[in-house]
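Chemist:
In this note's numbering, the protein residues as written are 104 to 554.
#1: DSSP on residue 438, reduced to helix/strand/coil?
#2: Can you round the beta-carbon distance between residue 400 and residue 348 to whole angstroms, since I take them to be within the 8 angstroms contact cut?
#3: From what residue to what residue does the alpha helix (DSSP H) around residue 489 run?
#4: Just the C-alpha distance for residue 227 and residue 383, rounded to the nearest angstrom, thanks.
#5: Determine the extent of the alpha helix (DSSP H) in which residue 180 is found, giving its start and end residues.
#6: Taking the straight line between their C-alpha atoms, what separation do you get for residue 260 and residue 319?
#7: Does the beta-carbon distance from residue 202 to residue 337 come in below 9 angstroms?
#8: Let me know the alpha helix (DSSP H) ranges lying completely inside the segment 216-289, each 4 residues or longer, listed in chain order.
#9: Taking a contact to mean a Cβ-Cβ separation below 9 angstroms, would you say residue 402 touches residue 493 in this structure?
#10: What did DSSP end up calling residue 208 once you bin it into helix, strand or coil?
#11: Find out if the Cβ-Cβ distance for the pair residue 310, residue 381 is shorter than 9 angstroms.
#12: Considering Cα atoms alone, identify which of 395, 163, 176 is closest to residue 148.
#13: Run through DSSP, which three-state label would residue 344 get?
#14: Beta-carbon separation of residue 448 and residue 474 under 9 angstroms?
#15: Excluding sequence positions up to five away, which residues of its chain have a Cβ less than 6 angstroms from the Cβ of residue 270?
#16: Report the rounded CA-to-CA distance for residue 116 versus residue 205, giving the unit in angstroms.
#17: Rounded to the nearest angstrom, how far is the Cβ of residue 497 from that of residue 394, given a contact under 8 angstroms?
#18: Anyone know if the C-beta pair for residue 334 and residue 225 falls short of 9 angstroms?
#19: Could you pull the start and end residues of the alpha helix (DSSP H) that residue 313 belongs to?
#20: Of all the options 364, 520, 317, which has the alpha carbon lying nearest to the alpha carbon of residue 236?
#21: Quick check on DSSP: helix, strand or coil for residue 359?
#22: Are there three or more Cβ pairs, one per stretch, closer than 8 angstroms when the segment 362-375 is compared with the segment 184-198?
#23: When DSSP labels each residue in this structure, what does residue 155 get in the three-state scheme?
#24: Flag this pair as yes or no: are the beta carbons of residue 392 and residue 476 separated by less than 9 angstroms?
#25: For residue 178, which residues from the same chain have a beta carbon less than 7 angstroms from its beta carbon, with the 5 sequence-adjacent residues on both sides left out?
#26: Are the Cβ atoms of residue 280 and residue 355 separated by less than 9 angstroms?
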């Protein structure tokens, strides 16, 4: 028995040595190829590679290479929030180590630390504004308790959606790229629905109260993203799993920075639009903000799965384009088929809300300009930061169209439609220029192009 055990021991050590050698060789091979600018097939990385080495490699991997990893290796990047050996903390620690940041207090060097103070400052400004502009929210709990309950329910709902998304990502190998879009869509749709159809009924009687109520709603929604900061998610498994629903491996370490910054800027755009419509008495037209929200949530959400499944296969064989992330030199791939999904969603959204427009030619003007302009805006925007571009483009056009009279004659309508067609042709020319530059191999890592 003892002899058998001793005979098996060297064999076990030999297998472990070979396994480690294979992983180390693959790591060095990939690292060397990356430094020399050479390409290496990610599928050549063995499934037996230790997670630590794989995380170190993934820190410098291109987006496409990450998605070409074998399923076991890709799932190592995703991790398991309830397994101490597979927490996403290791992935971020590998990045901190690569950047020379001490792990002790490492989060103080990240956007997470700034976000904490930003949230504190934001709620401080809200409290001050509420004390002077809508004190009833604080001093009349018997009347406004429903408002605060709504906010708690909304934040709880957002976290529940995130947890479900994180669960299917970790346990059923669903791509984070898809579950992230659900979170993104909810971040805009839920506050908008609550403000226009629920809270509006009793909590905002003046324009000032309307703005205060709106921004309280935004703060509570953002709270469901704030809890994902490093010191919270690395200590609470529930929050870590929620974070899995939006933490794409290719976005690390900018995941929180990119999603919270674009959501906040999107809130500013939505607030400006809805406040103007409320101030000008165009309460029906205020509902049109749902069009850019649908384009952002559904159109942009569908762009990625469409691009990954048929990208480069329909419009032009193998043709895609690239863009960099905000504050990053890392390049990300997009396809024209995916961008076309944005155009389709714009058409559907406008047709679905046709009865909220002032006239039939307002609908036609929107159909001519909004889908196409939104498609170009999405194509030119930085990776993961397309929301502000999509919302500002859609809301800006719809806002400008409110100045078109609803009682134009035939000549006036003809002129207005002709102007919109001309603008769309100019925008399409910009998109075509990008296509030509990509064909000529000139488009490398630019977020915008000279006209």
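Positions of the beta carbon are idealized from the N, C-alpha and C atoms, including for glycine.
Modeler: Straight from the coordinates:
#1: strand
#2: Incorrect: roughly 15 angstroms between the Cβ atoms, too far for contact.
#3: 489-504
#4: 29 angstroms
#5: 174-181
#6: 16 angstroms
#7: no
#8: 239-242, 244-275
#9: yes
#10: coil
#11: yes
#12: 176
#13: helix
#14: yes
#15: none
#16: Residue confidence is low: residue 116 scores 34 on pLDDT, short of 50, so the model does not pin down where it sits. No coordinate-derived value is stated.
#17: 6 angstroms
#18: no
#19: 310-329
#20: 317
#21: helix
#22: no
#23: helix
#24: no
#25: 276
#26: no
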